[in-house]
Amino acid sequence: MSLARVLVPVKRTVDYAVKIRVKPDNTGVETKNVKMSTNPFDEIAVEEAVKLKEKGLVKEVVAVTIGPKDAAEILRKLMAVGVDRSIHIETDEDLQPLAVAKVLKKVVEKENSDLVLLGKQAIDDDSCQTGQLLGGLLNWPQASFASEVNVEGGKAIVKREIDGGLETVSVQLPAVISADLRLNTPRYAKLKDIMAARKMTIDTSSLADWGVDTTPRFDVVSVQDPPTRAGGVKVESVQELVQKLKNDGVL
Amino acid sequence: MNVTRVLSQSSKAFRGRVTRPYSTSPLTTLTEDEVLIQQAVQKFSREVIAPKVSEMDKKGIMCPDLIKQCFEQGYMGIEVSDELGGAGLKFMSAIITIEELARIDPSVSVLVDVQNTLVGIPLRKWGNKAQQEKWFPRLCTDTVGSFCLSEWTSGSDAFALKTTAKRDGKNFVLNGSKAWITNSGEAGFFIVFANIDHSLGYKGITAFLVDGSNPGIRVGKREDKLGIRSSSTCEVILDNCVVSEEDVLGEVGKGYKYAIEVLNEGRIGIAAQMLGLAQGALDATMPYIIQRQQFGKSIASFQGVQFDYAQIATEIQAARLLVYNATRLQEAGLPFVKEAAMAKLFTSNIAANAASKCVEMLGGVGFTKEFPVEKFYRDSKIGQIYEGTSNIQLQTIAGFVKKDYE
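Quick note, the sequences are listed as chains A and B, same order.
Heads up, the final residue of the first sequence is numbered 251 in the working numbering, and it's a clean run with no missing numbers.
Heads up, the final residue of the second sequence is numbered 406 in the working numbering, and it's a clean run with no missing numbers.
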């Protein structure tokens, strides 16, 4: 069975190299005038999808993003590294993972996708839920934290990074796979391809068009900086160390 | 002194200014395409080049894999047409690429700069169809090129070159040796300037296209330099190097003209390299001096230090305007030679100052190889020397200024 379409959901997040600042009112992270990029784990997912296409296991790589008007930038950059078509669902709302998964389910159904490859989590909220929720909603098998993906005979053989080491699972397609850091190293867009991607069209629609209930299910009460690290204490001998541990009630 | 007369004469300076539909966009405005290119080169530089810079500088060798990637990314033929394997973009795209590369490594930047300007420009302007079709595809995919003009005894006095080209039927035989040739260590293609008849003076100078596989050309001694160490700067020796008349670039005897024109345009590229260098030095310095504290406050909050980085930032901004304006003039087909010389002169000077001041502001760590700024300091010196020394730039500018008032 030859795969037809891979869907790669991608998110526009604050660039990984930017020094994050919490908003003064503690409602979230400052994103105004801050450099934004594709979520690094999603870039890895795109790279894997493109690799599958190059191996002849997939006919078309489709990327989809749900976000404000500016989110189209990341689609342009991804089309320069091998994404064939992209879908932009415009909204200024900040969607939570369940809402995103519900919208993606509709996209999967419309696109008749055979495989969803996405980053394991977004580096802004680190929810690590969307892929798994999507799998559940679609009633598809899923393989998360993939560090290696092989596709053969209608199955995906995925090596997963787990606490104890590596676990190999086999999932029947269609399936949802979430990409982890060591899955691959994304390629860099060549100048020519960047220019070619500029001319490609993006299928744009508004969130309302998809008829999904995106009401938030939880409230973010406050966002704070982590506590400043207190200095450590040096001890001169093992006896002193034991004494200190006893004093702190650890021993 | 008749004031009216002086004033009316000075208005001559404004004569001959072409008036075109003007734009009120800031000089630092880039098109959407240019922004995408800038971001892409920035990403590549920070992620792929940055980790290798220190080792390449120490060894004085550019990583061959990195050169290969520069070709793959399309940096080596930015203005070359699509059909011939290039990216088909305009000058500003090349300038932005050179600048962004220099922010991380001025050595890689000069490799790309020479390939696009000193090698690309002459072939594009004076190469015939056969020559372009033979060379551009290679120059865009895997062959590094170099521009062989200077010799041991002729730097600024370029046209006193001694390399000879003796006619031999349908061929020319080249003999001589070139010095200080950038990219020559990796080059497979050489544009060599030689004189077909010294009695003609500079009017005998002719440009020849030489294939690296020609048995009569070889790369000699590699210079061990103060800065841009991983950029190869070598001797190129012509030893009874036989080339055919098909390998003459443009017309015989017009080589001097081509050299001047190429260098006039190419120096905007060097200006862009120096601009990137200055910016890179500041980029590497500010975060450190903001977080480092002495006497209970951040180094960046001491007034003396503030004055230093404010000055550097202002000079970088001024330099950027000079470089971008010279570039836009070239793109618009307007005269740019004076502005190009000004850009190179000014930018190389402020870059040297910026790098020097940045080492100082960083303090002790700035003096060690742990930080990239000491390399920027060493790299910056060449800006005032190659592709026309600062004094040559001043002379060029003086010539134009005087002409404006005559």
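The beta-carbon is built from N, C-alpha and C at its ideal position, and this holds for glycine as well.
Contact of K199 of chain A with chain B by beta-carbon distance below 8 Å is absent, the smallest such distance being about 11 Å. Restricting attention to A:V149, A:T91 and A:E90, the CA atom closest to the CA of L118 of chain A is found in A:V149. A straight-line Cα-Cα distance of about 6 Å links L115 of chain A and L7 of chain A. In this structure, the straight-line span from the alpha carbon of G127 of chain B to that of E100 of chain B is close to 29 Å.
The DSSP assignment places complete alpha helix (DSSP H) segments of no fewer than 4 residues inside the segment 12-65 of chain A at 40-54, in order along the chain.
Counted as a single uninterrupted DSSP element, the stretch harbouring A271 of chain B is not any beta strand (DSSP E) but the alpha helix (DSSP H) occupying residues G255 to Q291.
Below 8 Å, too few C-beta pairs join the segment 297-312 of chain B and the segment 323-331 of chain B to call them touching: fewer than three.
Per DSSP, Q121 of chain A lies in no alpha helix (DSSP H) segment and is marked neither H nor E. A residue is called buried once 16 or more other Cβ atoms fall within 10 Å of its Cβ, and W135 of chain B is buried on that count.
With a cutoff of 9 Å on beta-carbon distance, A194 of chain B and I181 of chain B are scored as not near each other. Residue pairing by DSSP places D211 of chain B opposite B:F189 in a beta bridge. Assignment of K234 of chain A by DSSP, reduced to helix, strand and coil, places it in the coil class. Membership of Q38 of chain B in the alpha helix (DSSP H) is indicated by the continuous run E32 to F44. Scanning B:S356, B:S109, B:C241 and B:I49 for the CA closest to the CA of T163 of chain B turns up B:C241. As the crow flies, the alpha-carbon of C63 of chain B is around 34 Å from that of K11 of chain A. Residue state for I157 of chain A is assigned as strand, using DSSP reduced to three classes. Excluding residues up to 5 positions away in sequence, S230 lie with their Cβ nearer than 7 Å to the Cβ of I61 of chain B in the same chain. At least one beta carbon of chain A lies nearer than 9 Å to the beta carbon of V48 of chain B.
Not flagged as an interface residue toward chain B: I74 of chain A, since no C-beta distance is shorter than 9 Å. Residue state for A179 of chain B is assigned as strand, using DSSP reduced to three classes. In the three-state scheme derived from DSSP, where H, G and I count as helix and E and B as strand, F145 of chain A is classed as strand.
Among the CB atoms of chain A, one or more fall inside 9 Å of the CB of A87 of chain B.
Chain A places a beta carbon closer than 9 Å to that of F44 of chain B, counting this residue as a contact.
By the 16-neighbour rule on beta-carbons within 10 angstroms, T31 of chain B is exposed. Per DSSP, the unbroken beta strand (DSSP E) holding L166 of chain A starts and ends at G165 to Q172. Annotation for V305 of chain B: I289, I299 and M361 place their beta carbon closer than 7 Å to its own, counting only its chain and skipping 5 residues before and after.
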